[in-house]
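In the working numbering, the protein residues as written are 5 to 134.
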């Protein structure tokens, strides 16, 4: 059996925030992230807001071309996605802003906000606002 290296970790925090951490900037990391999202969507109660803390500090953004293609394919499989709030923690602001612009093209029901590394506490507070 071939074991794949963990490149995107997942944890469900006590406050019901889903934390995804990109450990590598690769296509495999994006595939692992989407596998986590598939499981989260399958288990998420209808009508409740999903909250994500996406930490890109260890690796930065995964390859943008692959990521956009994979996200488009992934989200096309869902007719009714839940309302979502996502905070992105980053080190390099230029790439995150470009990624944010590209995500806007997917037209998801997602409220997104990037936070610099030093503002992780503010990111969590924002996620938990009602």
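The beta carbon of each residue, even a glycine, is placed where N, CA and C say it ideally should be. Note that the structure is predicted; figures quoted are calculated from it, not measured.
When C-alpha distances from residue 83 are compared across 70, 27, 45 and 19, the shortest belongs to 45.
Sequence-distant Cβ neighbours of residue 126 in its own chain, meaning closer than 8 Å and more than five residues away, are 119. Residue 30 and residue 51 have their C-alpha atoms some 33 Å from each other. With contacts defined by Cβ atoms closer than 8 Å, residue 92 and residue 58 form a contacting pair. It is roughly 10 Å from the alpha-carbon of residue 72 to the alpha-carbon of residue 66. In this structure, the straight-line span from the alpha carbon of residue 132 to that of residue 94 is close to 19 Å. For residue 89, the secondary structure class from DSSP, reduced to helix, strand or coil, is strand. Annotation: the continuous beta strand (DSSP E) that includes residue 25 extends over 22–26.
Nearest in C-alpha terms to residue 12, of all of 77, 35, 129 and 19, is 35. Cβ neighbours of residue 9 within its own chain (closer than 8 Å, five residues either side excluded): 28 and 32. Residue 53 places its beta carbon less than 8 Å from that of residue 86. Assigned with DSSP and collapsed to three states, residue 115 falls in strand. For residue 134, the closest of 24, 55 and 25 by C-alpha to C-alpha distance is 55.
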